[in-house]
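One structure is given below, encoded as structure tokens.
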Amino acid sequence: MNTGKFDAIVIGAGPSGNAAAYTMAKEGLKVLQLERGEYPGSKNVQGAILYANALEQIIPDFRDDAPLERHIIEQRMWMLDDTSYVGMSYRSDDFNEEKPNRYTIIRAPFDRWFSSKVREAGATLLCETTVTELIRTESGRVIGVRTDRDGGVVLADVVVLAEGVNGLVAQRSGLRPELKPDTVALAVKEMHFLPRETIESRFNLRGSEGVVIEAMGTVTGGMSGTAFLYTNQESLSVGIGCLVSDFKTGNAAPYELLERFKTHSSIAPLLQGAEVKEYSAHLIPEGGYRAIPQLYGDGWLIVGDAGQFVNAVHREGSNMAMTTGRVAGELIVQLCRTRSDFSADALGAYQDRLHKTFVMKDLKKYKDIPNFLHGTKHLFGTYPRMMSQAMQTWLRVDGADKREKERQIVGMVRSSRKLTGLLGDAFRLARAWR
Amino acid sequence: MTVRVEDRLFNNRYVVDSGRPHIKVKPHTTPSQALLMLMRICPAHCYDLNDRGQVEVTADGCLECGTCRILCAETGDIEWSYPRGGFGVLFKFG
Chain A
0 MNTGKFDAIV IGAGPSGNAA AYTMAKEGLK VLQLERGEYP GSKNVQGAIL YANALEQIIP
60 DFRDDAPLER HIIEQRMWML DDTSYVGMSY RSDDFNEEKP NRYTIIRAPF DRWFSSKVRE
120 AGATLLCETT VTELIRTESG RVIGVRTDRD GGVVLADVVV LAEGVNGLVA QRSGLRPELK
180 PDTVALAVKE MHFLPRETIE SRFNLRGSEG VVIEAMGTVT GGMSGTAFLY TNQESLSVGI
240 GCLVSDFKTG NAAPYELLER FKTHSSIAPL LQGAEVKEYS AHLIPEGGYR AIPQLYGDGW
300 LIVGDAGQFV NAVHREGSNM AMTTGRVAGE LIVQLCRTRS DFSADALGAY QDRLHKTFVM
360 KDLKKYKDIP NFLHGTKHLF GTYPRMMSQA MQTWLRVDGA DKREKERQIV GMVRSSRKLT
420 GLLGDAFRLA RAWR
Chain B
0 MTVRVEDRLF NNRYVVDSGR PHIKVKPHTT PSQALLMLMR ICPAHCYDLN DRGQVEVTAD
60 GCLECGTCRI LCAETGDIEW SYPRGGFGVL FKFG
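Those protein sequence lines, which keep their order, are chains A and B.
Here numbering that gives the first Met the number 0 is used: the first residue of the first sequence is 0, the next is one more, and so on.
Here numbering that gives the first Met the number 0 is used: the first residue of the second sequence is 0, the next is one more, and so on.
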């Protein structure tokens, strides 16, 4: 391996690592990026939705050549019970704009594209290289990494840990604790291929318009979790995820939940005839603000999923990954230029700067949501059933008069959840949402 | 509901690091609750009982999610590392 010292080493070539490496390499820093997969993206899994804004701030003209699937013009939110869904949709022609706001993407090709930009900017990328540990001085300062390549010690002024949700390198180096089962969700996903025209007619789409469906309800069998179906150009991304702590106490296997979702009467017709080409699984950090580990120290910074930067309520993560990577990269460039050291004091500005962005503001706003979701399992059973029964009672025309219908609905609501329980959940949600 | 996860893994691409599994189950006589749980929760169904009633791992189909490591963090039942560079699952889509 070409040793020699680098200005910065970036561990990982996902959205956060690529954002950091690109930002630094573009400004002339000597950057080494290490990726354990055969190619960037080969270890990465996401739904996946790309929020343009975060990437625009790094590569403004990304739309010219990035492998984008469909721009999203419609969002469907479904509350499922076993045979029905109660839904809300928003579709707007306004999303057919010159520079669309949200796209579906497929991560392996997207990450390869992003990585090609990083290399064009001048960074050195080494794939098939797993970082085994950080090299630290006696005082604890990080000065480089050890890899599983022969003689693989590489030194740098600063190391950016963009290693993803598992955060194993940071853990093994004592920079952070192991993840807790109630702060991560396990999601499984399949890629279903269909002809373009079939997708467009099934989902009421023209050209590269896209639809995303987010669903929750009895499909997770009472566990805190959500399912999704995203339209790509010639495929559908279908997945479901639940908190690891809920899998622990539940009785279903992840692929059984996926099967339940795929065979739901509202989903099955959308997938009919598709060819499945991949099955994947991945953890999603969902602990929110309270689960964020120490983000910086002497000679190191943590960005992306490794820092728990995911907004589970809004299904945002890759935008936070790119933003944290960019902010880290910008700070390192500045410290290099001013010939500052990379002490914890200097790198602490990273956290201060994040607090001024939507990343920390949003995570802070929803800091109590994870606890609310853990404590309110009715969201994944009682409430979806109640809503469905109420709708069905209201819509069926069967000779009962409308006052009688109203009485039936109120009676049904009362029998499924005590009024105090309902009000309590509403109150706790309002308080967590504030 | 019976779902054969093996049929799903069949579509995936792997480069198996023969003889160097990245997950090891610590030797035991009677499996802990945490180990038994992995037979159900592992999304690639890598864990199963052998004929002596011990939990074994066959990591060839591992999707590298890390769930088993988190579930066994307290008991220390398993050792989990990233596979050597270039080995393990290689997602075509991800």
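Note that the Cβ used here is the ideal one computed from N, Cα and C, for glycine as well.
Could you check if residue i is buried or exposed, using at least 16 other CB atoms within 10 Å of its CB as the buried criterion?
i               : result
F246 of chain A : buried
D92 of chain A  : exposed
H354 of chain A : exposed
K417 of chain A : exposed
M87 of chain A  : exposed
L119 of chain A : Before going on, a small fix: residue 119 of chain A reads as Glu here, not Leu. Counting Cβ neighbours within 10 Å, E119 of chain A comes out exposed, since fewer than 16 surround it.
N203 of chain A : exposed
F426 of chain A : exposed
R413 of chain A : exposed
D363 of chain A : First, the amino acid is wrong: residue 363 of chain A is Lys here, not Asp. Exposed, since its Cβ has fewer than 16 Cβ neighbours within 10 Å.
D50 of chain B  : exposed
K188 of chain A : buried
L422 of chain A : exposed
R3 of chain B   : exposed
E285 of chain A : buried
Output the distance between the C-alpha atoms of residue i and residue j, rounded to the nearest integer angstrom.
i               : j               : result
R384 of chain A : G410 of chain A : 14 Å
D351 of chain A : G303 of chain A : 16 Å
V164 of chain A : R175 of chain A : 12 Å
Q56 of chain A  : D63 of chain A  : 15 Å
V168 of chain A : A72 of chain B  : 16 Å
K401 of chain A : R68 of chain B  : 56 Å
H27 of chain B  : K25 of chain A  : 53 Å
D6 of chain A   : V30 of chain A  : 6 Å
D60 of chain A  : T419 of chain A : 53 Å
E97 of chain A  : P66 of chain A  : 17 Å
G249 of chain A : E255 of chain A : 12 Å
Y278 of chain A : N11 of chain B  : 7 Å
M0 of chain A   : T123 of chain A : Note that M0 of chain A has pLDDT 49, beneath the 50 cutoff, so the model's placement of it is unreliable and no number is given.
G65 of chain B  : Y84 of chain A  : 33 Å
M94 of chain B  : A252 of chain A : Because chain B in this structure spans residues 0 to 93, residue 94 of chain B falls outside the shown range and cannot be described.
V396 of chain A : A33 of chain B  : 52 Å
T136 of chain A : F379 of chain A : 49 Å
I40 of chain B  : I77 of chain B  : 15 Å
M76 of chain A  : P268 of chain A : 17 Å
R35 of chain A  : A12 of chain A  : 9 Å
F260 of chain A : L394 of chain A : 25 Å
V15 of chain B  : N95 of chain A  : 45 Å
Y13 of chain B  : H373 of chain A : 36 Å
Y50 of chain A  : D361 of chain A : 15 Å
Y21 of chain A  : Y89 of chain A  : 35 Å
F9 of chain B   : T74 of chain B  : 32 Å
I'd like to know whether the C-beta atoms of residue i and residue j end up nearer to each other than 8 Å.
i               : j               : result
A19 of chain A  : G324 of chain A : yes
V158 of chain A : I331 of chain A : no
I48 of chain A  : K116 of chain A : no
N52 of chain A  : D110 of chain A : no
S415 of chain A : T381 of chain A : yes
D181 of chain A : L242 of chain A : yes
G221 of chain A : K4 of chain A   : no
A186 of chain A : L79 of chain A  : no
A431 of chain A : F371 of chain A : yes
G93 of chain B  : G151 of chain A : no
Can you list, in chain order, the residues of the stretch 269–298 of chain A whose Cβ is nearer than 7 Å to any Cβ on chain B?
V275, K276, E277, Y278, S279, A280, H281, L282
Three or more beta-carbon pairs under 8 Å between the stretch 71–85 of chain A and the stretch 203–217 of chain A, yes or no?
yes
Counting pairs of Cβ atoms below 8 Å between the stretch 296–308 of chain A and the stretch 331–349 of chain A, do you hit three or more?
yes
Using a Cβ-Cβ cutoff of 8 Å, what residues of the stretch 216–234 of chain A are near chain B? List them in chain order.
S234
Between the stretch 308–321 of chain A and the stretch 333–343 of chain A, can you find at least three pairs of beta-carbon atoms closer than 8 Å?
no
What residues in the stretch 56–71 of chain B have a beta carbon less than 8 Å from any beta carbon of chain A?
L62, E63, C64, G65, T66, R68, I69, L70
With three or more beta-carbon pairs closer than 8 Å as the criterion, would you say the stretch 43–59 of chain B touches the stretch 397–411 of chain A?
no
Given a limit of 9 Å on CB to CB distance, which residues of the stretch 123–137 of chain A reach chain B?
L125, C126, E127, T128, T129, V130, T131
Could you tell me whether the stretch 141–160 of chain A touches the stretch 120–132 of chain A, using the rule of 3 or more Cβ pairs below 8 Å?
yes
Check whether the stretch 234–243 of chain A touches the stretch 265–275 of chain A, counting contact only when three or more Cβ pairs, one atom from each stretch, lie closer than 8 Å.
yes
Along the stretch 90–123 of chain A, where does the CB come closer than 7 Å to a CB of chain B? Name the residues.
I105, R106, A107
Give the residues from the stretch 175–190 of chain A that approach chain B closer than 8 Å (Cβ to any Cβ), ordered along the chain.
E177, L178, K179, P180, V183, L185, V187, E189, M190
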